[in-house]
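J.: In the numbering used here, the protein residues as written are 199 to 663. The beta-carbon is built from N, C-alpha and C at its ideal position, and this holds for glycine as well. Source: prediction; values computed, not measured.
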Amino acid sequence: MISTPPLPDPAAPARHDVASRGALGSRPSGPLAGTLALPGDRGVASRALALGALAIGETVLSGISPSADLDPMLAALRAFGAEASYAGDDRITVRGLGVGGLLEPEAVIDCGDRAATAELLLGLAAGHGFATTFTGGRAGRAESLTRIIDPLRRMGVGIISRSRDRLPLSVRGPETPLPADLKLSDAAAEAKAALLLAALSAPGVTSLTEAATAPDAIETLLPAFGAALEIEDSTDGARTLRLEGRRDLKPQKLVIPGDPVLAAFPMVAALIVEGSAVRLRGAAMGRSRLALVETLTAMGATITLSDRHMAAGEPVADLVVAAGPLKAVTVAPARAAALFDVLPALAVAAAFADGRTVIEGLGALRRRAGDPIGALVTTLRACGVACEEGPESLAITGAERIAGGSRLAAPGDGALAMALLVLGLRAEEGVVIEDAGTAVADWPGFAVAMGSLGAAIASTDSTAA
Numbered sequence: 199m200i201s202t203p204p205l206p207d208p209a210a211p212a213r214h215d216v217a218s219r220g221a222l223g224s225r226p227s228g229p230l231a232g233t234l235a236l237p238g239d240r241g242v243a244s245r246a247l248a249l250g251a252l253a254i255g256e257t258v259l260s261g262i263s264p265s266a267d268l269d270p271m272l273a274a275l276r277a278f279g280a281e282a283s284y285a286g287d288d289r290i291t292v293r294g295l296g297v298g299g300l301l302e303p304e305a306v307i308d309c310g311d312r313a314a315t316a317e318l319l320l321g322l323a324a325g326h327g328f329a330t331t332f333t334g335g336r337a338g339r340a341e342s343l344t345r346i347i348d349p350l351r352r353m354g355v356g357i358i359s360r361s362r363d364r365l366p367l368s369v370r371g372p373e374t375p376l377p378a379d380l381k382l383s384d385a386a387a388e389a390k391a392a393l394l395l396a397a398l399s400a401p402g403v404t405s406l407t408e409a410a411t412a413p414d415a416i417e418t419l420l421p422a423f424g425a426a427l428e429i430e431d432s433t434d435g436a437r438t439l440r441l442e443g444r445r446d447l448k449p450q451k452l453v454i455p456g457d458p459v460l461a462a463f464p465m466v467a468a469l470i471v472e473g474s475a476v477r478l479r480g481a482a483m484g485r486s487r488l489a490l491v492e493t494l495t496a497m498g499a500t501i502t503l504s505d506r507h508m509a510a511g512e513p514v515a516d517l518v519v520a521a522g523p524l525k526a527v528t529v530a531p532a533r534a535a536a537l538f539d540v541l542p543a544l545a546v547a548a549a550f551a552d553g554r555t556v557i558e559g560l561g562a563l564r565r566r567a568g569d570p571i572g573a574l575v576t577t578l579r580a581c582g583v584a585c586e587e588g589p590e591s592l593a594i595t596g597a598e599r600i601a602g603g604s605r606l607a608a609p610g611d612g613a614l615a616m617a618l619l620v621l622g623l624r625a626e627e628g629v630v631i632e633d634a635g636t637a638v639a640d641w642p643g644f645a646v647a648m649g650s651l652g653a654a655i656a657s658t659d660s661t662a663a
């Protein structure tokens, strides 16, 4: 019988829902120019923070901008007994307690609105012989966690939930986690990272086989922290990772590479605003991060990668982007999964491309909470963009002129909010987001950063849209 703290009411208001921050508007802009340093990659930072909590000593991460995405992770690590906090404008420090050394939280842990955060925290808790109860914001409670729950149970972890596979739920790790042979049926980078975090506490070797390979920062971060990880690629495209548990981890000092998801918005803005030329500094450009750059290049975009180097085990490069005509393409299903997080930005590029862009293989994205495809289509049509949706696809017919002029309610995610503001930089009547809190949550300095390049994005008190 699992003894857990009482589960919170799933219908209670979400504590991490982003409060109203007022309206943001964008209007037709002159050429964008200049250099922009990108905020640190939130996914890399979250994984490094989790590993830092399991290392013995102080880990320092630099190149990070404060983000609502990272706040729940920092608060959770403190609840587990680790010291974790911002140290200046772009650094986070975490003093870890060692593998298996986290402490039982005294209260329910709030994972916020991102399923990725919940998965990583479940993986951390699963390696410890105590009970932890997790909840989340409204969006966080809507996401299924099945892909991590089932493998964790095979490792001897007890999990109970009122909502079967969703938050809120309680986890009790076994006194000795069981090494196991695990399989992931689809490309699931966060689930893989979470399961490897749990495996760090299991004696012996845990193997994890992915039928669809999803390269992830955890694969380079684990060896950097001193973990024993072996990776074997099969001829059929599958990949097997073998991790030896119960090894001490060493604290690290890491520069977190720029977030390529956030890079998508100034990159597309520079492509569609005539005469623009910008440099985006230090974007993570590993094999799994190049899908948008490659797709835009196929559309005729002028994007050059320069100053290539390594940071936190990731290939990094500056993106030098210049405006120019774009043409429609068809995106094959095999590439679509790597574009899920940047689909709104790609859709804005397609809205100004010559011809009909078709993106296939979107079924898994449509099944996510909130129907991101439906939300994207609704807002694009409101701005005058011609688009069609299918069960597995999205088609956008580009135009030289798009009316815009819409006042839109807050989209359900920051990527869509930022993409719509980028669209307004070329739409004839601009775009207004009534509540810009979602954009602020993903990139708190978005409007200021874009303004530094000359983009006409500001509060509606000073922007006519």
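Find the nearest neighbour of Gly-165 within the set Leu-619, Val-369, Arg-364, Leu-544, judged by alpha-carbon distance.
T.: Outside the modelled stretch of the chain, which goes from 199 to 663, sits residue 165, for which no answer is possible.
J.: If we count the other Cβ atoms within 10 Å of its Cβ and call it buried at 16 or more, is Leu-301 buried or exposed?
T.: As a position in the sequence shown, residue 301 is number 103, starting the count at 1. Exposed: under 16 other Cβ atoms inside 10 Å.
J.: Take Gly-355 as the anchor and find which of Leu-469, Ser-368, Arg-362, Ser-361 has the nearest alpha-carbon.
T.: Numbered from its first residue, the sequence shown carries residue 355 at position 157. The sequence given here places Val at residue 355; Gly does not occur at that position. Comparing Cα-Cα distances from Val-355 to each of Leu-469, Ser-368, Arg-362, Ser-361, the minimum goes to Ser-368.
J.: Would you mind listing the beta strand (DSSP E) stretches within the stretch 558-636 that are 3+ residues and don't spill past its ends, in chain order?
T.: The stretch 558-636 contains these whole beta strand (DSSP E) runs: 584-587, 591-595, 604-606, 629-631.
J.: What is the DSSP secondary structure of Met-648, reduced to helix, strand or coil?
T.: For this step, residue 648 is matched to residue 450 along the sequence shown. Helix, per DSSP.
J.: State the DSSP-derived secondary structure class of Asp-288, mapped to helix, strand or coil.
T.: On the sequence shown, residue 288 is found 90 positions in, with the first residue counted as 1. DSSP places Asp-288 in coil when its eight states are reduced to three.
J.: Quick check on this structure: which residue in Ala-436, Ala-396, Asp-414 has the alpha carbon closest to the alpha carbon of Thr-407?
T.: Here residue 407 refers to the residue found at position 209 of the sequence shown. Nearest C-alpha to Thr-407: Ala-436.
J.: Can you tell me where the alpha helix (DSSP H) holding Lys-381 begins and where it ends?
T.: Counted from its first residue, the sequence shown places residue 381 at position 183. Taken as a continuous stretch (DSSP letters only), Lys-381 belongs to no alpha helix (DSSP H), being part of the beta strand (DSSP E) at 379-382.
J.: Rounded to the nearest angstrom, what separates Leu-234 and Leu-537 at their Cα positions?
T.: Start at 1 with the first residue of the sequence shown, and residue 234 comes out as number 36. Start at 1 with the first residue of the sequence shown, and residue 537 comes out as number 339. One C-alpha to the other measures close to 22 Å.
J.: Which residue marks the beginning of the beta strand (DSSP E) containing Ser-432, and which one marks its end?
T.: Residue 432 sits at position 234 when you count from the first residue of the sequence shown. Looking at the DSSP string, Ser-432 is not in any beta strand (DSSP E), and its letter there is neither H nor E.
J.: Note down, in chain order, each residue of its chain lying with its Cβ closer than 7 Å to the Cβ of Asp-591, except the 5 sequence neighbours on either side.
T.: The count along the sequence shown starts at 1 and reaches residue 591 at position 393. As written in the sequence, residue 591 is Ser, which differs from the Asp given in the question. These residues qualify, in order along the chain: Val-556, Ile-557, Glu-558, Leu-560.
J.: Going by CA-CA distance only, name the one from Ala-337, Ser-244, Leu-318 that's closest to Asp-569.
T.: Locating residue 569 in the sequence shown gives position 371, where the first residue counts as 1. Checking every option, the nearest Cα to that of Asp-569 belongs to Ala-337.
J.: List the endpoints of the continuous alpha helix (DSSP H) containing Arg-352.
T.: Position 154 of the sequence shown, counted from the first residue, corresponds to residue 352. Element bounds for Arg-352: 344-352.
J.: When we look at the beta-carbon of Thr-331 and count the other beta-carbons within 10 Å, is it buried (16 or more) or exposed?
T.: By one-based count along the sequence shown, residue 331 stands at place 133. Thr-331 should be labelled buried.
J.: Cutting at 6 Å between CB atoms, please list the residues of its own chain near Pro-266, excluding the five before and the five after it.
T.: Residue 266 sits at position 68 when you count from the first residue of the sequence shown. Per the sequence shown, the amino acid found at residue 266 is Ala instead of Pro. Within the same chain, Ala-266 has close Cβ partners Ala-639.
J.: So what's Ile-454 in DSSP terms, helix, strand or just coil?
T.: Start at 1 with the first residue of the sequence shown, and residue 454 comes out as number 256. Note: Ile-454 maps to coil in three-state DSSP.
J.: Tell me whether Arg-276 sits in a helix, a strand or coil according to DSSP, three-state version.
T.: Counting from one through the sequence shown, the residue named residue 276 turns up at place 78. Arg-276 falls in the helix class under three-state DSSP.
J.: Applying the criterion that 16 or more other CB atoms from any shown protein chain within 10 Å of the CB defines a buried residue, is His-507 buried or exposed?
T.: Against the sequence shown, residue 507 aligns to sequence position 309. So His-507 ends up on the exposed side.
J.: Which residues in the same chain have their Cβ closer than 6 Å to the Cβ of Lys-381, if we skip the five residues on either side of it in sequence?
T.: As a first step, residue 381 is located in the sequence shown; it is residue number 183 there, counting from the start. Result list for Lys-381: Thr-407, in chain order.
J.: Quick one: what does DSSP say Lys-448 is sitting in, helix, strand or coil?
T.: Sequence index remark: in the sequence shown, residue 448 carries index 250 (1-based). Looking at Lys-448 - three-state DSSP - the assignment turns out to be coil, as it is neither helix nor strand.
J.: Is the beta carbon of Asp-239 closer than 7 Å to that of Pro-455?
T.: Along the sequence shown, one-based indexing puts residue 455 at 257. Along the sequence shown, one-based indexing puts residue 239 at 41. Their beta carbons are under 7 Å apart, which means Pro-455 touches Asp-239 by this criterion.
J.: Thinking Leu-524 and Met-497 are a contact (beta carbons under 8 Å), I'd like their distance in whole angstroms, please.
T.: On the sequence shown, position 326 is the one that residue 524 refers to. On the sequence shown, position 299 is the one that residue 497 refers to. 5 Å between Cβ atoms; contact.
J.: Would you report the Cα separation of Ala-521 and Arg-444, rounded to the nearest angstrom?
T.: To locate residue 521, count along the sequence shown from 1; it is residue 323. To locate residue 444, count along the sequence shown from 1; it is residue 246. Rounded to the nearest angstrom, the two C-alpha atoms are 52 Å apart.
J.: Taking a contact to mean a Cβ-Cβ separation below 7 Å, would you say Arg-293 touches Glu-281 in this structure?
T.: As a first step, residue 293 must be located in the sequence shown, where it is residue number 95. As a first step, residue 281 must be located in the sequence shown, where it is residue number 83. Yes. Within cutoff.
J.: When the distance is taken between beta carbons, is Ala-248 closer than 7 Å to Leu-259?
T.: One-based indexing of the sequence shown puts residue 259 at position 61. One-based indexing of the sequence shown puts residue 248 at position 50. Cβ atoms of Leu-259 and Ala-248: not closer than 7 Å.
J.: At what residues does the beta strand (DSSP E) containing Val-519 begin and finish?
T.: To locate residue 519, count along the sequence shown from 1; it is residue 321. Val-519 -> beta strand (DSSP E) spans 512-520.
J.: Using 7 Å as the threshold, is the C-beta distance between Ile-347 and Ile-357 below it?
T.: On the sequence shown, residue 347 is found 149 positions in, with the first residue counted as 1. On the sequence shown, residue 357 is found 159 positions in, with the first residue counted as 1. It is a contact, given that the beta carbons lie within the stated cut-off.
J.: Using three-state DSSP, classify Ala-534 as helix, strand or coil.
T.: Locating residue 534 in the sequence shown gives position 336, where the first residue counts as 1. The answer is helix: DSSP assigns Ala-534 an H, G or I state.
J.: Rounded to whole angstroms, how far is the Cβ of Ala-481 from the Cβ of Leu-236, which I believe are closer than 8 Å?
T.: Along the sequence shown, read from residue 1 onward, the residue named residue 481 stands at position 283. Along the sequence shown, read from residue 1 onward, the residue named residue 236 stands at position 38. Indeed they touch by this definition, with Cβ atoms about 6 Å apart.
J.: Per the contact definition of three or more C-beta pairs closer than 8 Å, is the stretch 570-590 in contact with the stretch 486-497?
T.: These segments do not touch.
J.: Mark Val-527 as exposed unless 16 or more other C-beta atoms lie within 10 angstroms of its C-beta, in which case mark it buried.
T.: As a working note, residue 527 is residue 329 in the sequence shown. Label assigned to Val-527: buried.
J.: DSSP three-state call for Asp-640: helix, strand or coil?
T.: Your numbering for residue 640 matches position 442 in the sequence shown. Asp-640: helix per DSSP, three-state reduction.
J.: Using a Cβ-Cβ cut-off of 8 Å (strictly less than) and excluding sequence neighbours within five positions of Ala-530, which residues of its own chain qualify?
T.: For the purposes of this step, residue 530 is taken as the residue at position 332 of the sequence shown. Answer for Ala-530: Glu-558, Gly-559, listed in chain order.
J.: Taking just the CA atoms, how far does Ser-405 sit from Ile-429?
T.: One-based indexing of the sequence shown puts residue 429 at position 231. One-based indexing of the sequence shown puts residue 405 at position 207. Ile-429 and Ser-405: Cα-Cα distance of roughly 10 Å.
J.: Is Leu-230 helix, strand or coil by DSSP?
T.: The sequence position of residue 230 within the sequence shown is 32, counting from 1. Looking at Leu-230 - three-state DSSP - the assignment turns out to be coil, as it is neither helix nor strand.
J.: So, using beta-carbon positions, are Ala-253 and Lys-448 closer together than 7 Å?
T.: Here residue 253 corresponds to residue number 55 of the sequence shown, with the count starting at 1. Here residue 448 corresponds to residue number 250 of the sequence shown, with the count starting at 1. Yes.
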